[in-house]
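Have a look at the structure below before the remarks.
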Amino acid sequence: CVELWFGDELIAANIGYTIGYIYSGFTKFYLKQDDKRHSGAGVMLSSALGAWLHRQGFKLYAMGQDASYKSEGVLKQSYLLNGRQWYDEVRIARQVKEPPCLAPKEASPIVVKDLLAHS
942 CVELWFGDEL IAANIGYTIG YIYSGFTKFY LKQDDKRHSG AGVMLSSALG AWLHRQGFKL
1002 YAMGQDASYK SEGVLKQSYL LNGRQWYDEV RIARQVKEPP CLAPKEASPI VVKDLLAHS
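So this is what it looks like as structure tokens:
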């Protein structure tokens, strides 16, 4: 689970899995409030996760169904795969001997602002 916190409040998260060099998100959520206090948290999480995956050495970030926000910001180079292309990627990724790791090397939190500044 990848989480986005604002102080002590969980405002967005992505639950997924890895296969070799692929990260695939099962589901994600963001905290929607009437005052729009955390508006954009879902897009921010997706962008930060994309930047993090790139930094960690992942080659493919499977985001599920197509949506316009999935090709904005640091995700602007995203593209769709058809079923056969996805199957081929999974088959190749499963053979990776030393896959990248989602977890940071140190247990300290990652600052989204710093992460996106280096993308």
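Just remember that our numbering sits 941 ahead of the position in the sequence shown, which is counted from 1. Ideal placement from N, C-alpha and C gives every residue a C-beta, glycine not left out. All values reported here derive from a predicted model rather than from experimental measurement.
Buried or exposed: where does residue i fall if 16 or more other Cβ atoms within 10 Å of its Cβ makes it buried?
i: W946; result: exposed
i: N955; result: buried
i: L1021; result: exposed
i: A1044; result: exposed
i: F999; result: buried
i: V1037; result: exposed
Is the beta carbon of residue i sitting closer than 8 Å to the one on residue j?
i: A992; j: Y964; result: no
i: Y962; j: L986; result: no
i: R1035; j: I960; result: yes
i: V1053; j: A982; result: no
Helix, strand or coil: how does DSSP classify residue i here?
i: A1008; result: coil
i: L986; result: helix
Quick one: what's residue i bridged to in DSSP?
i: W1027; result: According to DSSP, W1027 bridges with nothing at all.
i: A1003; result: S965
i: G957; result: G966
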